[in-house]
Every structure is written in C-alpha cells, then in structure tokens.
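*Asks:* Taken in sequence, the protein lines are chains A and B. Read in order, the letters of the first sequence correspond to residues 1 to 316 in our numbering. Read in order, the letters of the second sequence correspond to residues 1001 to 1316 in our numbering. Cβ atoms here follow ideal geometry from the backbone N, Cα and C, with glycine treated the same way.
Protein chains: 2
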Amino acid sequence: MNQKIPRFEDIIEAHKHIGTYIHKTPVLTSKSINTLLNSKLFFKCENFQKAGAFKFRGACNAVFSLSDEQAKNGVATHSSGNHAAALALAAKLRGIPSFIVMPENSPEIKKKAVKGYRAKITYCKPTLEARESELEKIVKNTGATFIHPYDNFHVISGQGTAAKEFIEDYPYLDIVIAPVGGGGLISGTSTWIKSCNSKTKVIGAEPEKADDAYRSFKSGILQPSLNPDTIADGLLTSLSEMTFTIIREKVDDIITVREETIVNAMRMVWERMKIIIEPSSAVALGAVMENPEIFANKQVGVILSGGNVDLTKLPF
Amino acid sequence: MNQKIPRFEDIIEAHKHIGTYIHKTPVLTSKSINTLLNSKLFFKCENFQKAGAFKFRGACNAVFSLSDEQAKNGVATHSSGNHAAALALAAKLRGIPSFIVMPENSPEIKKKAVKGYRAKITYCKPTLEARESELEKIVKNTGATFIHPYDNFHVISGQGTAAKEFIEDYPYLDIVIAPVGGGGLISGTSTWIKSCNSKTKVIGAEPEKADDAYRSFKSGILQPSLNPDTIADGLLTSLSEMTFTIIREKVDDIITVREETIVNAMRMVWERMKIIIEPSSAVALGAVMENPEIFANKQVGVILSGGNVDLTKLPF
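#1: List the residues that DSSP assigns as beta-bridge partners of Thr1122 (chain B).
#2: Taking Gln70 (chain A) as the reference, which of A:Met242, A:Ser30, A:Gly143, A:Ile221 has the closest Cα?
#3: From what residue to what residue does the alpha helix (DSSP H) around Ile156 (chain A) run?
#4: Check Leu239 (chain A) in the structure and name its three-state DSSP category.
#5: Applying the 10 Å Cβ sphere with the 16-neighbour rule, what's the burial state of Glu1009 (chain B)?
#6: Can you tell me which of the three DSSP states Ile1096 (chain B) falls into?
#7: Give me, in chain order, the residues of the same chain whose beta-carbon lies closer than 8 Å to that of Asn1291 (chain B); leave out the 5 immediate sequence neighbours on both sides.
#8: His78 (chain A) lies in the beta strand (DSSP E); which residues open and close that run?
#9: Could you work out which residues of chain C lie near Phe48 (chain A), taking near to mean beta carbons separated by less than 7 Å?
#10: What does the alpha-carbon distance come out to for the pair Leu1087 (chain B) and Cys1060 (chain B)?
#11: Flag this pair as yes or no: are the beta carbons of Tyr150 (chain A) and Gly183 (chain A) separated by less than 9 Å?
#12: Listed from N- to C-terminal order along the chain, which residues in the stretch 1160-1179 of chain B have their beta-carbon within a distance smaller than 7 Å of any beta-carbon of chain A?
#13: Starting from the beta carbon of Gly1182 (chain B), find every residue of chain A whose beta carbon is closer than 8 Å, and list them in chain order.
#14: Anything in chain A within Cβ reach of Trp1270 (chain B), meaning under 8 Å, just list it in chain order.
#15: Is the CB of Arg94 (chain A) under 9 Å away from at least one CB in chain B?
#16: Distance, Cα to Cα, Glu208 (chain A) vs Glu260 (chain A)?
#17: Taking C-beta pairs closer than 8 Å, name the residues in chain A that Gly1307 (chain B) reaches, listed in chain order.
#18: The beta strand (DSSP E) that contains Glu259 (chain A), what's its start and end?
#19: Chain A beta carbons: is any one of them nearer than 9 Å to that of Pro1279 (chain B)?
#20: Rounded to whole angstroms, what is the Cα-Cα separation between Val1139 (chain B) and Ser1133 (chain B)?
#21: Can you list the beta strand (DSSP E) stretches of 3 or more residues lying completely in the stretch 1008-1085 of chain B, in chain order?
#22: So, does the CB of Pro1026 (chain B) fall closer than 9 Å to a CB anywhere in chain A?
#23: What separation, rounded to the nearest whole angstrom, lies between the Cα atoms of Val180 (chain A) and Leu1066 (chain B)?
#24: For a contact defined as C-beta to C-beta under 8 Å, what are the partners of Gly52 (chain A) on chain B?
#25: For Val1251 (chain B), report the span of its alpha helix (DSSP H) as first-last.
#26: Quick one: what does DSSP say Pro207 (chain A) is sitting in, helix, strand or coil?
#27: Quick one: which chain B residues come within Cβ less than 9 Å of Arg267 (chain A)?
#28: Using a cut-off of 7 Å between C-beta atoms, extract the partners of Phe316 (chain A) located in chain B.
#29: Count the other CB atoms within 10 Å of the CB of Phe316 (chain A); is the residue buried (16 or more) or exposed (fewer)?
#30: Shortest alpha-carbon distance to Phe43 (chain A) belongs to which of A:Val27, A:Asn141, A:Ala205?
#31: Between which two residues does the beta strand (DSSP E) carrying Val309 (chain A) extend?
#32: From Pro224 (chain A) to Asp212 (chain A), what does the alpha carbon distance come to, in whole angstroms?
#33: If you follow the beta strand (DSSP E) that Pro1179 (chain B) is part of, which residue opens it and which one closes it?
What follows is the structure in structure tokens.
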C-alpha cells in the first residue's frame, strides 16, 4: 500500500474543501419504524446528497484537492454507478473534463445522469478487465487523473464528512451503521467516529450474497468479492488494502443481511418515511431488523447512502 | 348550505388546536427541476405529514373541536383514502373511537393503515350509495359524529394551516398551486392566502379525466364528477356547495392536467427529489409542466398533498 491513511484532521480539511459544494443532508426519524424495531433510529439522508449519493463527498474532495496543473487534464474513472455521476458532477463544478468508462449494460438512468453532467463516456464490455484496460488507455491519452471510487486518500476523507455532520448534530449515538461495498464510506465513518468518541460502535452492513468484507473481517485476511449476486448493486465491489486496513482497526463488527430483508427494509423506508433509498442503503436498516438483540433500545445512527433507483425495475 | 364558511381567524384557531399533533412539514426545492421548468418552485411536503397526507390537518382539527360530550361516542366517515387514515389517527390521539366505512375493494395498504390506527372498519360495496347507507346506520347506532372529508367547516380550516405555514416561511410567492379533489385543500389554501396577500395567485390543478371543479369553475354552476378515471385516486370526488362557494370567490384559476403528465410529474419528483409523492400530489406539478407561459420565472408554491402509494401498482 503506497498511500497514506486518512486521519481525523484530513476529514476536517475535506469538509472545508467541499463544504460549499455539498448538501448538508438532513437527519430524519420515524416514530413508526422506531416502534416496530424497538430502537431509536436516526437516518442520515445521503440519498438527498447531490448526484443522489454520499459518493459526491469523496469525488468532490478528490477533484478539488488536485493542483491546477493536475486538474486541467481532467479526471477519469471506471464505474457503472454513483461514483461515476459524482465524479462527473464534481469535475463539472471545477470546470474540468471527466472521462468515465462504463459497462455497456449499465442502467439507462445511470448513463443519463453521467451524460447530464457532461462527462465523456466510453462504453466497454462488462468485465473488470475491459474496464481497466479502457481506463488505462484514456489516462495515457488525456493525462487525466484516475480517481478510484474508494481506494483513494481524498475520497475516503470526503466520505468521512457525512459522519462528521452526523455526530455534530447527534453526538450521543450508541451505534453508527453504514453499508459496506468497497469500504470507502465505512472507512471515513469509522475514522471520524473513533476519533470523537470511542464508545460509539461502528458497524458495517453487507449483503449476505456479497460478503467479502465480512469474510475478510472475520478471517483477518483480505478476501475478494466472489460472484456477488445482490439487489444492492452499489455493494458488489471488494475491499482494497487501504479500506481493509482501516476497517480492521476501527470497525467493531460487520453484519451480513439476507436479500429478502434488504427489500423489506427498502420498502419500510419508502412506505413509512416517504423517501426514496436505493437497495444498497437499505442494507444498513436490514441489519437492524435482523439483529434486535444488538440494536434494541439503542440510539442508532443509520447512514442512508443513496437514492438512485431504476424505477422501472423495482423489487416490489 | 347550512354551514358557515371558514375565515382567516378560523385557520389561526385551527393551527392552535392542532399545532402539537401535526408535523410542521418542510419546504423543499430542487435545482434540477427549477432548471428544467425555468421556474422557481417551492414544494410544501405534506407527503411527510402524519398519516402521509395533508388530510390529517383537517381531520385533527375536526376531532379536537368536538366537545367532550360529542367526542365520547367517536367519529365516523366513509372513505377509501387518506381522510380515513387521518381521521382514525386523530381519533386515536384523542382517545375516542372511530368508525370507517370503506369499499371492500380499497387497496390493501389503505386498509392496513386504517386498521393500524385502531379504527373499526365496516366494508361495503364500492358505490356511493352503499357507503352512505352503511355510514348512516353506524352513526345512528353509535352516536358517532360524521366528519365529512371536505364539506366541513373544521376540516377546511385545518387544511388551511398548510398554507399558513407555507406563507409564514415564504411570504413572497407569486402563485400557490394545489390539487383539487373535493376542494377542501384549495378552499383552506385560498382562504389563507387571499387574506394575507391578494397579489399571490391561487390555482387549482385537476386531472383532465376528473374535471368537475374545472367545469364548475368555468360555468359558474356546481357540476358533479362524471365517471372520473384517473391515476390520481385522491381527486375523484366532486366539489361540495361549500367548497365551490369558496373556490368561486377566492381561487384565480383551475387548470386540468393530462394523465401522461401526471405520471411524468410524479416520476420527476421521485427521481430528482428522492421523495415519494402520490399521483394526486403530482397533478399540481403537472400543471406547471404543461403551462410554462403561466409559471416561467415565477416563484411558485406547490403543495405536495400526500405520499400514500401502493408500491405494487406503480405506473412506471
């Protein structure tokens, strides 16, 4: 690992950098969900973040941390998801080009979002190999800086700003729970929370059918995501060496959640709170639903990570 | 008409009555929708109101305006929709019984909501006649007070509190637009707004396929809803003599909206704002979308009336 690990101060620095670009998202509560789950839940609504997900925090910090010299050639990434849109928007705000490699089978709504932010899109075959080789070509030809969706110091520092806002508003949470894909969000979250108050537990929630972080955490050895197959399409990726290092040190536990519970959790939020969250966001609430012995009578901060859903492909 | 018409002061009184029970709902904005529609829209989010719709304001005011003597026998209504749930919840909060007559073919989600608030439900055939005769029996047998969903002084006064909050936060709106079903919301809204600032226009939005208010408004003669057939299931009812009287005096215009636009407006709010609104709510935004010449470059207050949607029957 040749990158340094973000610290408390880096998240403060990130918040200064991006404060004027991001939304300070609201924290919502639901009396009926609290009653149903016998818990006191506080939802940090990153589904209301710009570009529809927390990813904008990290992408924005990465883009605005570049020197003018670096920035002028633009930024590049490969992603079919929220990081692509987030990076494209951040680049647009800085007035620099963005180059996005997307699998040709990406959902229309995601293509539309990325196009809307004026990114230059290159479509490729839907394999990691194709994505990486396309990206390499683009970086070589354009001089753009590759911004990894989570294995990146500035991205993780940016993601930590959601927890910073959360704890500033609600300092006395017993537990904070967030979904785990590549680990950028939980890394930033745990870095902030463990620096503020070591008594607040940090728990990662992962789909049972994409449980690489769980397996890595329990075995102590970084393990790849193997044929992940979950509705939570933001959580398919594997941890990186950097996010795994942070998670081992700062996260208290990782819990896996059944597919059925993910859908039920998503539906509960849609029906009771009247807000739209994507399946990946619902994994954190799903963990609360499946483990009452951990969360009962606790003050629990739940990070709702995003709200980008293809409305023509709902699981209801 | 044997009921008096609500005035400005009655809405103030209503707000005092119900202030501790209702949510003061937030006003949200969307930069991307403003850009798309070349307008400055402010959305009053009654989809976040208790029981999921503005209806709780009126029902709550009606329930808490009863004397103890009247209240002890409970309240009754016939409704397949939001008024039923709202009345049941208001009655529960006052600790009195509620009796709801619902058509047997009402959506499961609405039955569940009403049951959840401990109402006594009587199912009937899905005709107005069956509903009214069942209700009459219940009122006779129990002594419960019938609370009409809109042809009721206290209900209209309660609905006006949404506009009161709206104008307190945003006094300089050029136009306020709200959906029209039976006319309770637009009556309360126009009563408040025309008392505050006669320069703010009040416009009602109605589905083209349930256009009784439009026909009544344009002809000056109260006309019934004839075979209404719209996805906006909260707007099927006809105006009453009282709501028509208020609308004629205080509403500046009524605009009809095509079904396709209602669905597009609903989708726009779901996708861009990440909040759930029901089709009836989307009619007001649909009117803005179809009439740029009226709304362009104006500050427009849009009342999003509710968020109760059957997720298994979405139009996308």
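*Replies:* Answer, in terms of the structure:
#1: B:Val1101
#2: A:Gly143
#3: 153-169
#4: coil
#5: exposed
#6: coil
#7: Ile1255
#8: 75-78
#9: The structure shown contains no chain C; the protein chains it does contain are A and B.
#10: 7 Å
#11: yes
#12: none
#13: Here the premise fails: no neighbours, minimum Cβ distance about 23 Å.
#14: Ile276, Leu311
#15: no
#16: 10 Å
#17: Lys274
#18: Taken as a continuous stretch (DSSP letters only), Glu259 (chain A) belongs to no beta strand (DSSP E), being part of the alpha helix (DSSP H) at 259-268.
#19: no
#20: 10 Å
#21: 1040-1045, 1075-1078
#22: yes
#23: 52 Å
#24: Lys1274
#25: Per DSSP, Val1251 (chain B) belongs to no alpha helix (DSSP H) and is neither H nor E.
#26: strand
#27: Leu1311
#28: Leu1311, Thr1312
#29: exposed
#30: A:Val27
#31: No beta strand (DSSP E) contains Val309 (chain A), which DSSP labels as neither H nor E.
#32: 6 Å
#33: 1175-1179
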